[in-house]
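J.: Under the working numbering, read the sequence shown as residues 1 to 305, first letter to last.
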Amino acid sequence: MLDKTTKNLLITEINKFLPEDSQNKLISAVRYVLLAPAKHIRPFLVVASSQVFNVEVERVISIAVAVECVHAYSLIHDDLPCMDNSNTRRGQLSCHKRFDKATAVLAGDALLTLAFEILSSLNEDSNKRCEIIKALSQAIGAKGMVGGQILDIKTALHVIQHPDYLDPESSVVNEHTRQLCNKNRTLESCAKITPDSKVKEIHLMKTAKLFAASCEIGAIIGSATDKQRRALYNYGVNLGLIFQAKDDIRDYKQDEVNNLMSMLSKSEIENYIDSLFKQALDNLGGLSGDTNYLYNLLNQVKRDG
Ligand code: GRG
1 MLDKTTKNLL ITEINKFLPE DSQNKLISAV RYVLLAPAKH IRPFLVVASS
51 QVFNVEVERV ISIAVAVECV HAYSLIHDDL PCMDNSNTRR GQLSCHKRFD
101 KATAVLAGDA LLTLAFEILS SLNEDSNKRC EIIKALSQAI GAKGMVGGQI
151 LDIKTALHVI QHPDYLDPES SVVNEHTRQL CNKNRTLESC AKITPDSKVK
201 EIHLMKTAKL FAASCEIGAI IGSATDKQRR ALYNYGVNLG LIFQAKDDIR
251 DYKQDEVNNL MSMLSKSEIE NYIDSLFKQA LDNLGGLSGD TNYLYNLLNQ
301 VKRDG
């Protein structure tokens, strides 16, 4: 997503904060994930949103690194056996597989901490620094990414381990769960849940709020008006929801739990994506600066995920 020059700037900045230290296992683990090939959508959003206000990329590149640190931490922790239990990430072994579980937990912790060290040390006025830290904290805490993750895990556990909470006729349940559910409970005793709204809420918290905060941070640095800031935030939400819906379509064969494809038809998901796309276009339409990068990204995500 990032152009070559900006990507090089990002990598140079990462190396500045985290120089190679092959004797240090923790730093090696952090660099292993942070420098692995990635799309860098969130750093891109910071840079592109600030460009709407003609902010030079050099001024926001360390913020872009901080946001990528947060994202990398979430991936490392998400891959752990107690979460998504994934052996690979970014085309290589996941952090706990390449190193070990304790190192992976601590590498995530170190990345999250570094993000806030970077942001609190920005060469910006203290008001802006605090606003940026607040926006990011709100996006990734209990009401954002971490909250979305626990909701995801809890719902997944309900589906797998507690079929008594589910309606066996509901399209949210896969065949395995349906069998469990039918075995253990009668239809009458199963509570109804509304599946797609729950999953959309998980998408919002787990993914879209960090997209939105990345855009909002660009607006803060650019001294945007409240209206401009809201427009960029909402653009980020809509983009993040499209990104996740596309990911659900792509990922369905690997993971049916909490996946929109388990509860909506392909055309219903496409309509949902179209409506998010239109809202995101509206969000950009209200901005007078250069929105080309954001517009192109929106099209790219809608097309390719
Ligand atoms: C463990 C605190 C904690 C949070 C985990 C965001 C998240 C919450 C987990 C990511 C899990 C995941 C695979 C979600 C699907 C969509 C997604 C966010 C994919 C990874 O993001 P990309 O595609 O990855 O931007 P790259 O590697 O390009 O940065």
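Yeah, the Cβ is synthetic: ideal placement off N, Cα and C, and Gly gets one too.
1. Using 8 Å as the cut-off, can you tell me whether the segment 105-115 makes contact with the segment 46-59, which would need three or more C-beta pairs spanning the two stretches below that distance?
2. On the criterion of 16 or more Cβ atoms from any shown chain inside 10 Å, does P195 qualify as buried, or is it exposed?
3. What I want to know is whether the C-beta of K143 ends up closer than 8 Å to one or more non-hydrogen atoms of the ligand GRG.
4. My output table needs one value for T88: the three-state DSSP class, helix, strand or coil.
5. Verify the contact flag: H96, CB atom, against every heavy atom of the ligand GRG, threshold strictly below 8 Å.
6. With a Cβ-Cβ cutoff of 9 Å, do H96 and L80 count as a contact?
7. Could you tell me the boundaries of the alpha helix (DSSP H) in which S50 lies?
8. In terms of residue numbering, what span does the alpha helix (DSSP H) encompassing L241 cover?
9. Pull up the distance between the alpha-carbon of V301 and that of V60, whole angstroms please.
10. In terms of residue numbering, what span does the alpha helix (DSSP H) encompassing A213 cover?
11. With three or more C-beta pairs closer than 8 Å as the rule, is the segment 249-269 touching the segment 29-46?
12. Kindly identify the DSSP beta-bridge partner or partners of L309.
13. For A139, which residues in the same chain have their Cβ closer than 7 Å to its Cβ, ignoring the five residues on either side in sequence?
14. Report yes if the CB atom of I220 is closer than 9 Å to the CB atom of A107, and no otherwise.
15. For S288, does the count of other Cβ atoms within 10 angstroms reach 16, so buried, or fall short, so exposed?
16. So for F99, helix, strand or coil by DSSP?
17. Between L241 and the rest of its own chain, which residues show a CB-CB distance below 6 Å, the 5 nearest in sequence each way excluded?
18. Is there at least one non-hydrogen atom of the ligand GRG closer than 8 Å to the beta-carbon of I41?
19. Do L260 and A280 have their CB atoms nearer than 9 Å?
20. Select from V237, A231, K253 the residue whose C-alpha is nearest the C-alpha of L284.
T.: According to the structure data:
1. no
2. buried
3. no
4. strand
5. The answer is no for H96.
6. yes
7. Its alpha helix (DSSP H) spans residues 41-51.
8. Element bounds for L241: 226-251.
9. Computed Cα separation, rounded: 23 Å.
10. Boundaries of the alpha helix (DSSP H) around A213: 209-221.
11. no
12. Since the first and last residues shown for the chain are 1 and 305, residue 309 lies out of range.
13. M145, K209, L210, A212, A213
14. no
15. Result: exposed.
16. For F99, the secondary structure class from DSSP, reduced to helix, strand or coil, is coil.
17. H203, A208, L276
18. Flag set: Cβ of I41 near the ligand GRG.
19. In this structure, A280 does not lie closer than 9 Å to L260 by Cβ.
20. Taking only the C-alpha atoms, the option nearest L284 is A231.
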